[in-house]
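Take the sequence shown: its letter number 32 is residue 42 in our numbering, and every next letter is one higher. Every residue, glycine too, gets a C-beta built ideally from N, C-alpha and C. Take a look at the structure set out below.
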Amino acid sequence: MSEQHINTRRVGRAFSRSAATYDQHAVLQREAADRLLAHLEFTKIKPQRVLDIGCGTGYFTRLLRQHFSRAHVTAVDIAPPMLAVARREQPRRMPWAAKNAFAAADACALPFADASFDIVASNLVMQWVGEPQQMLAEMRRVLAPGGLLLFSTFGRRTLNELRQSLADFSHEHAGLVLPFPDVTSLGDALMKLPVELPVTDSDLFTLTYADAMALIRELKGLGASSSAIRNRPSGLYGRRLLKHVSKVYAARHSAADGRISATFEVLYAQAWYAEAPRTFDQVIPIEVSGGA
Ligand SMILES: C[S@@+](CC[C@H](N)C(=O)[O-])C[C@H]1O[C@@H](n2cnc3c(N)ncnc32)[C@H](O)[C@@H]1O
Numbered sequence: 011m012s013e014q015h016i017n018t019r020r021v022g023r024a025f026s027r028s029a030a031t032y033d034q035h036a037v038l039q040r041e042a043a044d045r046l047l048a049h050l051e052f053t054k055i056k057p058q059r060v061l062d063i064g065c066g067t068g069y070f071t072r073l074l075r076q077h078f079s080r081a082h083v084t085a086v087d088i089a090p091p092m093l094a095v096a097r098r099e100q101p102r103r104m105p106w107a108a109k110n111a112f113a114a115a116d117a118c119a120l121p122f123a124d125a126s127f128d129i130v131a132s133n134l135v136m137q138w139v140g141e142p143q144q145m146l147a148e149m150r151r152v153l154a155p156g157g158l159l160l161f162s163t164f165g166r167r168t169l170n171e172l173r174q175s176l177a178d179f180s181h182e183h184a185g186l187v188l189p190f191p192d193v194t195s196l197g198d199a200l201m202k203l204p205v206e207l208p209v210t211d212s213d214l215f216t217l218t219y220a221d222a223m224a225l226i227r228e229l230k231g232l233g234a235s236s237s238a239i240r241n242r243p244s245g246l247y248g249r250r251l252l253k254h255v256s257k258v259y260a261a262r263h264s265a266a267d268g269r270i271s272a273t274f275e276v277l278y279a280q281a282w283y284a285e286a287p288r289t290f291d292q293v294i295p296i297e298v299s300g301g302a
């Protein structure tokens, strides 16, 4: 969770370029957003101020708005064209509903005062952040006492097949797929924060594509560009590499119908900022009476 593999400026540029195509490819991202929201089912929180970090085209922001119709929802993203789509796509505001706000901002340097939000949420953004621990620290900093952190990110098994097929070309090229964290290291990262009741869980998805090229095209359409990876090998996705990867991928990871399969692991995490830490004199003594 601490390695610096990402060039944030390039991430912003790649997502800015994909703002117009993102929604047509983002089926898994929407499914993850629905499932992340479902994590709120058993919470009783009634937030007034909600923050969505890395809102993209705003699907998860809209879910948060529907779920907390009286809350003021703020959405930030590093890519202004993404924000423009999110702003355009927001539903008409009901007279009683609070206003939405949109701002360009980096998840690792949020432009908000401490304790500004009751829920700080983020769907599938942390994997694009160079310093996830710094993003977590910022999420916690802007969270108010009694508030909830809720986010998802991709896990270690994501794009395993593509990583293996690239590795078959060269060890160096395997690094074109980001090193995603496993659920344990995500839990460890949460434990470093002053938060309570951290909980993590995960879902495994298998998607199929006509071939490896279709998968790579989809990743590009989503803005998931390997150009944001530091020290990436030169001759990136050259014709020779693509031919090799397509062949190896099809040979090793074909489904029964001849399509190739790709694994995506989504990790979910939540944690609370306790209103006030419990002290000894708050513990109510239990009187133990003797037998009848
Ligand atoms: C995979 S998309 C997810 C978008 C949205 N949350 C969703 O569920 O569809 C990742 C988003 O995170 C944004 N992003 C990446 N790095 C960021 C950073 N450091 N700070 C803020 N946003 C960032 C990208 O611009 C992109 O819109």
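With 16 other Cβ atoms within 10 Å as the buried cut-off, status of residue i
{"i": "Gln292", "result": "Because the pLDDT of Gln292 is 47, which lies under 50, any placement of that residue in the model is unreliable, and the number read from its coordinates should be weighed accordingly. Classification for Gln292: exposed."}
{"i": "Met104", "result": "exposed"}
{"i": "Gly304", "result": "This structure leaves residue 304 out entirely; the chain is present only between 11 and 302."}
{"i": "Leu169", "result": "buried"}
{"i": "Gly268", "result": "exposed"}
{"i": "Asp211", "result": "exposed"}
{"i": "Gly233", "result": "buried"}
{"i": "Val209", "result": "exposed"}
{"i": "Trp106", "result": "exposed"}
{"i": "Gly66", "result": "buried"}
{"i": "Ser79", "result": "exposed"}
{"i": "Gln76", "result": "exposed"}
{"i": "Leu186", "result": "buried"}
{"i": "Phe52", "result": "exposed"}
{"i": "Glu99", "result": "exposed"}
{"i": "Ala220", "result": "exposed"}
{"i": "Val59", "result": "Inspection of the sequence shows that residue 59 is occupied by Arg rather than by Val. By the neighbour-count rule (16 or more Cβ atoms within 10 Å), Arg59 is buried."}
{"i": "Pro121", "result": "exposed"}
{"i": "Pro191", "result": "buried"}
{"i": "Gln280", "result": "buried"}
{"i": "Pro204", "result": "exposed"}
{"i": "Thr194", "result": "exposed"}
{"i": "Leu207", "result": "exposed"}
Residue(s) in a DSSP beta bridge with residue i
{"i": "Arg59", "result": "His82"}
{"i": "Leu214", "result": "Glu275"}
{"i": "Val130", "result": "Leu61, Leu159"}
{"i": "Tyr219", "result": "Ile270"}
{"i": "Leu153", "result": "Phe127"}
{"i": "Ala115", "result": "Beta-bridge pairing links Ala115 to no other residue."}
{"i": "Asp87", "result": "Ala114"}
Helix, strand or coil at residue i [DSSP, three-state]
{"i": "Ile294", "result": "Unreliable positioning characterises Ile294 in this predicted model, as indicated by a pLDDT of 49, which lies under 50. A coordinate reading is not provided."}
{"i": "Val258", "result": "helix"}
{"i": "Gln137", "result": "helix"}
{"i": "Asp267", "result": "coil"}
{"i": "Phe190", "result": "coil"}
{"i": "Leu46", "result": "helix"}
{"i": "Tyr283", "result": "coil"}
{"i": "Val209", "result": "strand"}
{"i": "Asp52", "result": "Residue identity differs from the one stated: residue 52 is Phe in this sequence, not Asp. Looking at Phe52 - three-state DSSP - the assignment turns out to be coil, as it is neither helix nor strand."}
{"i": "Ile226", "result": "helix"}
{"i": "Ala36", "result": "coil"}
{"i": "Phe164", "result": "strand"}
{"i": "Asn17", "result": "coil"}
{"i": "Ser26", "result": "helix"}
{"i": "Ser303", "result": "The chain is shown only over 11 to 302; residue 303 falls outside these bounds and no answer can be derived."}
For residue i, the nearest candidate out of the options (CA to CA)
{"i": "Gly140", "options": "Thr194, Ala117, His181, Ser212", "result": "Ala117"}
{"i": "Ala43", "options": "Asp178, Leu160, Tyr219", "result": "Leu160"}
{"i": "Arg102", "options": "Leu120, Ala89, Arg72", "result": "Arg72"}
{"i": "Lys257", "options": "Ala131, Asp33, Arg167, Leu172", "result": "Leu172"}
{"i": "Gly68", "options": "Glu285, Gln144, Glu182, Val135", "result": "Val135"}
{"i": "Ala119", "options": "Gly64, Phe70, Thr163", "result": "Gly64"}
{"i": "Glu275", "options": "Leu252, Arg166, Glu182", "result": "Arg166"}
{"i": "Ala89", "options": "Arg20, Leu74, Val193, Arg249", "result": "Arg20"}
{"i": "His181", "options": "Met145, Phe190, Val95, Val255", "result": "Val255"}
{"i": "Glu228", "options": "Asn17, Tyr32, His15, Ile16", "result": "Tyr32"}
{"i": "His15", "options": "Trp138, Glu206, Tyr283, Asp213", "result": "Trp138"}
{"i": "Pro91", "options": "Leu46, His49, Gly22, Pro142", "result": "Gly22"}
{"i": "Phe215", "options": "Ala108, Ser271, Leu146, His49", "result": "Ser271"}
{"i": "Tyr283", "options": "His183, Phe70, Phe164, Ala154", "result": "Ala154"}
{"i": "His49", "options": "Gln34, Leu61, Gly248, Leu74", "result": "Leu74"}
{"i": "Ala222", "options": "Asp213, Gln174, Pro189", "result": "Gln174"}
{"i": "Phe164", "options": "Ala184, Asp178, Phe179, Pro142", "result": "Pro142"}
Within-7 Å CB hit, residue i to chain D
{"i": "Asp33", "result": "Looking for chain D here will not work: only one protein chain is present."}
Exercise. Determine, using beta-carbon pairs with one atom in the stretch 256-276 and one in the stretch 137-154, whether at least three such pairs fall under 8 Å.
Key: no
Self-check item: the stretch 76-90 in contact with the stretch 114-127 per 3-pair CB rule at 8 Å
Solution: yes
Quiz item: Do the stretch 26-45 and the stretch 106-120 touch if we need at least three Cβ pairs shorter than 8 Å?
Solution: no
Self-check item: Segment contact, 8 Å Cβ cut-off, at least three pairs: the stretch 193-201 with the stretch 20-30
Solution: no
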